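Chains as they are written, first to last, in the working numbering: chain Y, 859 to 1148; chain Z, 21 to 336. For reference, the structure discussed in these notes is given below.
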């Protein structure tokens, strides 16, 4: 399972494509899709949509109609509405979980990269322990024990992302700490906290933001995996993962029930990857990286 | 070499210990009482109390951890309170299925990745190379469960060529057994090959610029011989590592894939334990998988050092 390491792969995979350094049409389309899906998710309650949970036993797997634009699912629930409410859920977890990673991982990484020494050994060692678990196994185990809820899911996936963010923050801080402007600040008598906050943080923030967007993509995938297994958020709350899982049962008679949420998820994850990778390439100081 | 192994071993032990501690702590996060979970809501307080005492649940946390660790060190990971099966027996029963799946998946991945990597490296920056870079990037957004759905739809539902479920033991019917692994193997291979290809490709490009390759060309050796004999082996170092690390990732991948394709492996055991709320099995399997993962990574480190002497002398 690609899980959280996938974010790290993407660095290797994507950095080869030098041409992606420019902001091209692909980037614009991806950003537009993100804006569209995020606003649809925010406005879901205001949009003239049928309820995502109302069951209509007579309209099981109904084809698209004026009333139900994308038809109904196996329980006669409106598919479009479920997709948009599902986006609300997937994006909430997808956007919140990496915040945990970015804040804690960013902090630990900067500390390790700036102070070095024992602190660094300790932090890197701690991350190694967290990385010792296959991420999906850990996520499953913790949600199984803690119980399935949006908060728990976000927390678990967020914590799993910490090592990746720590690595990025540490690597950037390490190389920046050697630079002249840091030496200059130190010579001027700046305190550690001033150097960290005023000199280093602005420079670490951009690569972290780029990695954050890749983290969103990975989180949506992991959340989808848990929901797909029926171990994400409990029904009837719609989530793309659980919709795919339910649609799998009727691949032979109504394949669109699995393919529609799968397509939405793929497009959204791809969009976050493209935007995140473009930003990463723009902020990567190495010429043509790799 | 012995010193290198010693250094890594010193590092391995604390990590393993921390893994056991973390596994134990996760299990103790369970809200409520394990004894009540086992006996059900209708159990009398006396019965619950007796079971708590019998399982040592009334002891302080650290003592429970040490007792549990003592058991684990002696190969006792507990037994399911539902079926009475020991964790070790359950794992031993399912492990071959998961291993077969991983080997098939990794093999298929390498089979796709190696030829493509060589072709891309020879004409780096060419049309095929650029196409593959784009494809590898797209693959990052396509998690295995989406690939599984696509493959099932294509091969099992539409074309009716391969089964989506229906595993039988290898000893009973080898052909049906292998057939039932094709789609899950392909699903996982699809997630693996782009990573493997990228790694081999970039190492291969570096190798092809070495002087001895120019020498081989000057001697008039055939391009195929240069590529396969002279360039492939020195370029495959990172590939070996990544293949090893991927085994760890595959453990996570098999979780979902085994559930989708109804293969009775470790992943399905774990997911099944969660569905059945069988917490002893869950804890045991998580520990087994995590320890296995750490040890596989350790072995990969060793293998890497054998292949590249610079690493064991700490110069790389």
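Note that CB positions come from ideal geometry on N, CA and C, so glycine has one too. These numbers come from a predicted model, not from an experiment.
Could you pull out every residue in the same chain whose Cβ sits closer than 6 Å to the Cβ of residue i, ignoring the five residues on either side in sequence?
| i | result |
| --- | --- |
| residue 1030 of chain Y | 1062, 1065 |
| residue 32 of chain Z | 318 |
| residue 227 of chain Z | 251, 254, 255 |
| residue 106 of chain Z | 99 |
Going by the CB atoms, is the gap between residue j and residue i shorter than 7 Å?
| i | j | result |
| --- | --- | --- |
| residue 1008 of chain Y | residue 1075 of chain Y | no |
| residue 19 of chain Z | residue 1002 of chain Y | Any answer about residue 19 of chain Z is impossible in this case: the structure gives chain Z only from 21 up to 336. |
| residue 1088 of chain Y | residue 1028 of chain Y | no |
| residue 236 of chain Z | residue 246 of chain Z | yes |
| residue 128 of chain Z | residue 270 of chain Z | no |
| residue 1101 of chain Y | residue 1113 of chain Y | no |
| residue 76 of chain Z | residue 84 of chain Z | yes |
| residue 1071 of chain Y | residue 1019 of chain Y | no |
| residue 35 of chain Z | residue 314 of chain Z | yes |
| residue 1149 of chain Y | residue 1023 of chain Y | A question about residue 1149 of chain Y goes unanswered here, because the residues of chain Y that appear run from 859 up to 1148. |
| residue 114 of chain Z | residue 284 of chain Z | yes |
| residue 937 of chain Y | residue 928 of chain Y | yes |
| residue 1034 of chain Y | residue 1055 of chain Y | no |
| residue 944 of chain Y | residue 1098 of chain Y | yes |
| residue 305 of chain Z | residue 290 of chain Z | yes |
| residue 982 of chain Y | residue 1000 of chain Y | no |
| residue 97 of chain Z | residue 86 of chain Z | no |
| residue 1096 of chain Y | residue 921 of chain Y | no |
| residue 267 of chain Z | residue 316 of chain Z | yes |
| residue 79 of chain Z | residue 68 of chain Z | no |
| residue 1207 of chain Y | residue 165 of chain Z | Absent from the structure is residue 1207 of chain Y, since the part of chain Y shown begins at 859 and ends at 1148. |
Assign residue i to one of two classes, buried (16 or more other C-beta atoms within 10 Å of its C-beta) or exposed (fewer than that).
| i | result |
| --- | --- |
| residue 947 of chain Y | buried |
| residue 882 of chain Y | exposed |
| residue 239 of chain Z | exposed |
| residue 923 of chain Y | exposed |
| residue 111 of chain Z | buried |
| residue 159 of chain Z | buried |
| residue 303 of chain Z | buried |
| residue 181 of chain Z | exposed |
| residue 21 of chain Z | exposed |
| residue 871 of chain Y | Note that residue 871 of chain Y scores a pLDDT of 43, beneath 50, so its modelled location is shaky; the value from the coordinates is reported in the next line. By the 10 Å Cβ count, residue 871 of chain Y comes out buried. |
| residue 1110 of chain Y | exposed |
| residue 868 of chain Y | Here residue 868 of chain Y scores only 44 on pLDDT, less than 50, and its place in the model should not be relied on; the value that follows carries that caveat. The residue is buried, with at least 16 neighbouring Cβ atoms inside 10 Å. |
| residue 1138 of chain Y | buried |
Pop quiz: residue i and residue j are said to be a contact at Cβ under 8 Å. What is the actual Cβ separation, rounded to whole angstroms?
| i | j | result |
| --- | --- | --- |
| residue 224 of chain Z | residue 251 of chain Z | 6 Å |
| residue 1132 of chain Y | residue 888 of chain Y | 4 Å |
| residue 156 of chain Z | residue 116 of chain Z | About 32 Å; that fails the 8 Å criterion. |
| residue 951 of chain Y | residue 1012 of chain Y | 5 Å |
| residue 1083 of chain Y | residue 276 of chain Z | 6 Å |
| residue 1092 of chain Y | residue 1006 of chain Y | 5 Å |
| residue 912 of chain Y | residue 935 of chain Y | 6 Å |
| residue 1104 of chain Y | residue 986 of chain Y | Actually they do not touch by this definition, with Cβ atoms about 38 Å apart. |
| residue 205 of chain Z | residue 124 of chain Z | 4 Å |
| residue 309 of chain Z | residue 995 of chain Y | 5 Å |
| residue 55 of chain Z | residue 72 of chain Z | 5 Å |
Between which two residues does the alpha helix (DSSP H) holding residue i run?
| i | result |
| --- | --- |
| residue 223 of chain Z | 194 to 228 |
| residue 990 of chain Y | Element bounds for residue 990 of chain Y: n/a, residue is neither H nor E. |
| residue 287 of chain Z | 286 to 295 |
| residue 1111 of chain Y | Element bounds for residue 1111 of chain Y: n/a, residue is neither H nor E. |
| residue 948 of chain Y | 937 to 958 |
| residue 178 of chain Z | Looking at the DSSP string, residue 178 of chain Z is not in any alpha helix (DSSP H), and its letter there is neither H nor E. |
| residue 885 of chain Y | 883 to 900 |
| residue 135 of chain Z | 107 to 142 |
| residue 1027 of chain Y | 1008 to 1035 |
| residue 1076 of chain Y | 1059 to 1086 |
| residue 101 of chain Z | No alpha helix (DSSP H) holds residue 101 of chain Z; DSSP gives it neither H nor E. |
| residue 1043 of chain Y | 1038 to 1045 |
With a threshold of 7 Å on Cβ separation, who are the neighbours of residue i within its own chain once the five nearest residues in sequence on each side are excluded?
| i | result |
| --- | --- |
| residue 88 of chain Z | 44 |
| residue 184 of chain Z | 172, 176, 203, 281 |
| residue 132 of chain Z | 209, 213 |
| residue 144 of chain Z | 225 |
| residue 1129 of chain Y | 888, 891, 892 |
| residue 190 of chain Z | 197 |
| residue 136 of chain Z | 152, 217 |
| residue 962 of chain Y | 1020 |
| residue 102 of chain Z | 296, 298 |
| residue 884 of chain Y | 1132 |
| residue 134 of chain Z | 220 |
| residue 977 of chain Y | 969, 970 |
Excluding the 5 residues flanking residue i on each side, which residues of the same chain have their C-beta closer than 8 Å to its C-beta?
| i | result |
| --- | --- |
| residue 260 of chain Z | 320, 323, 324, 327 |
| residue 925 of chain Y | 908 |
| residue 1053 of chain Y | 972, 1040, 1043, 1044 |
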